[in-house]
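Take a look at the structure below.
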Amino acid sequence: MDDLTRLVAIEDIKQLFARYYRALDLKDWDAFESVFAPDAVMDMSQPDRILVAEDGLYRGASAIRAFAERAIGQGPTIDKGVMPIIEFPSDTAATGIWAQEDRLVWPQGHPNRRLHGHGYEHHVYEKVDGRWKIKRVRLERLHVDIVRAQD
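Last residue of the sequence shown: 179 in this note's numbering, with the numbers rising by one and none dropped.
Structure representation (C-alpha coordinates):
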(Lines of atoms letter the chains of each structure in order from A and count residues from 1; the text may use other names and numbers.)
(Lines give C-alpha, C1' and ligand atoms only; values in the text may rest on other atoms or scores of the structure.)
Protein backbone atom coordinates (compact mmCIF):
# COMPACT_ATOMS: atom_id res chain seq x y z
CA MET A 1 0.00 0.00 0.00
CA ASP A 2 1.53 3.33 -1.02
CA ASP A 3 1.54 6.31 1.36
CA LEU A 4 -1.36 8.16 -0.29
CA THR A 5 -3.58 5.07 -0.35
CA ARG A 6 -2.70 4.42 3.30
CA LEU A 7 -3.56 7.99 4.33
CA VAL A 8 -6.90 7.86 2.48
CA ALA A 9 -7.70 4.52 4.13
CA ILE A 10 -6.86 5.95 7.58
CA GLU A 11 -9.19 8.88 6.96
CA ASP A 12 -11.94 6.54 5.71
CA ILE A 13 -11.61 4.46 8.90
CA LYS A 14 -11.70 7.60 11.07
CA GLN A 15 -14.91 8.63 9.31
CA LEU A 16 -16.33 5.13 9.82
CA PHE A 17 -15.59 5.31 13.54
CA ALA A 18 -17.18 8.77 13.78
CA ARG A 19 -20.34 7.42 12.09
CA TYR A 20 -20.34 4.47 14.52
CA TYR A 21 -20.36 6.66 17.64
CA ARG A 22 -22.63 9.32 16.14
CA ALA A 23 -25.25 6.73 15.16
CA LEU A 24 -25.02 5.19 18.63
CA ASP A 25 -25.49 8.53 20.41
CA LEU A 26 -28.34 9.58 18.10
CA LYS A 27 -30.00 6.13 18.38
CA ASP A 28 -29.97 5.87 14.57
CA TRP A 29 -30.00 2.09 14.62
CA ASP A 30 -30.06 1.64 10.82
CA ALA A 31 -26.93 3.78 10.47
CA PHE A 32 -25.34 2.00 13.44
CA GLU A 33 -25.90 -1.43 11.89
CA SER A 34 -24.57 -0.25 8.52
CA VAL A 35 -21.02 0.35 9.83
CA PHE A 36 -20.54 -3.36 10.54
CA ALA A 37 -19.62 -6.22 8.23
CA PRO A 38 -22.48 -8.74 8.09
CA ASP A 39 -20.44 -11.28 10.09
CA ALA A 40 -18.98 -8.78 12.58
CA VAL A 41 -18.36 -9.70 16.22
CA MET A 42 -18.68 -7.35 19.20
CA ASP A 43 -17.00 -8.40 22.46
CA MET A 44 -18.43 -6.50 25.42
CA SER A 45 -17.63 -9.27 27.91
CA GLN A 46 -15.61 -7.17 30.35
CA PRO A 47 -16.59 -7.71 34.03
CA ASP A 48 -18.43 -4.36 34.34
CA ARG A 49 -20.55 -4.91 31.25
CA ILE A 50 -23.86 -3.13 30.84
CA LEU A 51 -26.06 -6.22 30.56
CA VAL A 52 -24.71 -8.61 33.19
CA ALA A 53 -27.31 -11.29 32.36
CA GLU A 54 -25.71 -11.76 28.90
CA ASP A 55 -22.25 -13.12 28.06
CA GLY A 56 -21.27 -9.97 26.16
CA LEU A 57 -20.47 -11.59 22.80
CA TYR A 58 -22.63 -10.59 19.83
CA ARG A 59 -22.22 -12.09 16.36
CA GLY A 60 -23.52 -10.44 13.21
CA ALA A 61 -24.45 -6.84 12.44
CA SER A 62 -28.12 -7.36 13.34
CA ALA A 63 -27.24 -9.01 16.69
CA ILE A 64 -24.87 -6.13 17.49
CA ARG A 65 -27.64 -3.65 16.70
CA ALA A 66 -30.13 -5.55 18.86
CA PHE A 67 -27.65 -5.58 21.75
CA ALA A 68 -27.07 -1.82 21.47
CA GLU A 69 -30.80 -1.14 21.41
CA ARG A 70 -31.34 -3.29 24.55
CA ALA A 71 -28.27 -2.06 26.38
CA ILE A 72 -28.68 1.65 25.73
CA GLY A 73 -32.31 2.15 24.80
CA GLN A 74 -33.29 5.77 24.37
CA GLY A 75 -31.25 7.17 27.27
CA PRO A 76 -28.80 9.96 26.48
CA THR A 77 -25.24 8.88 25.74
CA ILE A 78 -22.00 10.61 24.94
CA ASP A 79 -19.27 8.52 23.34
CA LYS A 80 -15.91 9.62 22.05
CA GLY A 81 -12.90 7.90 20.57
CA VAL A 82 -9.56 9.62 20.05
CA MET A 83 -5.88 8.99 19.23
CA PRO A 84 -6.23 6.03 16.87
CA ILE A 85 -3.42 3.67 16.06
CA ILE A 86 -4.36 2.20 12.68
CA GLU A 87 -2.32 -0.48 10.94
CA PHE A 88 -2.76 -2.40 7.69
CA PRO A 89 -1.81 -6.07 7.52
CA SER A 90 -3.11 -6.02 3.92
CA ASP A 91 -4.84 -3.71 1.43
CA THR A 92 -8.27 -4.95 2.57
CA ALA A 93 -7.70 -5.44 6.31
CA ALA A 94 -6.85 -3.02 9.10
CA THR A 95 -6.68 -2.87 12.87
CA GLY A 96 -7.34 0.08 15.11
CA ILE A 97 -6.97 0.91 18.77
CA TRP A 98 -8.90 3.94 20.02
CA ALA A 99 -8.81 5.62 23.42
CA GLN A 100 -12.47 5.90 24.39
CA GLU A 101 -14.75 7.48 26.98
CA ASP A 102 -18.47 7.02 27.39
CA ARG A 103 -21.24 8.36 29.58
CA LEU A 104 -24.70 6.83 29.71
CA VAL A 105 -27.86 7.70 31.62
CA TRP A 106 -30.78 5.28 31.57
CA PRO A 107 -34.47 6.01 32.08
CA GLN A 108 -36.50 4.64 34.98
CA GLY A 109 -37.14 0.92 34.64
CA HIS A 110 -33.76 0.00 33.12
CA PRO A 111 -31.51 -2.22 35.32
CA ASN A 112 -28.80 0.48 35.23
CA ARG A 113 -28.90 4.15 36.22
CA ARG A 114 -25.68 5.69 34.87
CA LEU A 115 -22.21 4.82 33.66
CA HIS A 116 -18.97 6.70 33.06
CA GLY A 117 -16.14 4.65 31.65
CA HIS A 118 -12.90 4.94 29.76
CA GLY A 119 -10.39 2.63 28.20
CA TYR A 120 -9.70 1.34 24.71
CA GLU A 121 -11.67 -0.06 21.82
CA HIS A 122 -9.82 -2.60 19.69
CA HIS A 123 -11.18 -2.86 16.15
CA VAL A 124 -10.58 -5.03 13.12
CA TYR A 125 -11.74 -3.60 9.80
CA GLU A 126 -12.24 -5.13 6.39
CA LYS A 127 -12.87 -3.56 3.03
CA VAL A 128 -16.20 -4.83 1.68
CA ASP A 129 -17.25 -3.79 -1.85
CA GLY A 130 -14.78 -0.90 -1.73
CA ARG A 131 -15.89 0.42 1.69
CA TRP A 132 -14.35 -0.12 5.11
CA LYS A 133 -16.55 -1.94 7.64
CA ILE A 134 -16.04 -2.91 11.26
CA LYS A 135 -15.35 -6.64 11.47
CA ARG A 136 -14.62 -6.93 15.19
CA VAL A 137 -14.90 -4.69 18.26
CA ARG A 138 -13.54 -5.46 21.71
CA LEU A 139 -13.99 -3.03 24.58
CA GLU A 140 -11.21 -2.91 27.17
CA ARG A 141 -12.22 -0.68 30.05
CA LEU A 142 -9.49 0.67 32.32
CA HIS A 143 -11.98 2.26 34.69
CA VAL A 144 -15.76 2.33 34.96
CA ASP A 145 -18.20 3.85 37.41
CA ILE A 146 -21.56 2.16 36.99
CA VAL A 147 -24.62 2.63 39.17
CA ARG A 148 -27.16 -0.16 38.95
CA ALA A 149 -30.85 0.26 39.78
CA GLN A 150 -30.51 -1.93 42.88
CA ASP A 151 -27.57 0.16 44.24
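Beta carbons are placed, not taken as given, at the ideal position from N, Cα and C, and that holds for glycine.
At least 9 Å separates the beta-carbon of Ile-162 from that of Ala-94. As computed with DSSP, Ile-125 is found in a beta bridge with Ile-113, His-150. Contact between the segment 102-110 and the segment 121-134 is present: three or more C-beta pairs spanning the two stretches fall below 8 Å.
For Glu-82, there is no enclosing beta strand (DSSP E), as DSSP marks it with neither H nor E.
Annotation for His-150: Ile-125, Arg-166, Glu-168 place their beta carbon closer than 7 Å to its own, counting only its chain and skipping 5 residues before and after. With contacts defined as CB atoms closer than 9 Å, Phe-45 and Gly-109 qualify as a contacting pair. In the three-state reduction of the DSSP assignment, Trp-134 falls in the coil class, being assigned neither a helical nor a strand state.
Secondary-structure assignment with DSSP links Trp-160 through a beta bridge to Lys-155. The Cβ atoms of Ala-122 and Tyr-153 lie closer than 9 Å to each other.
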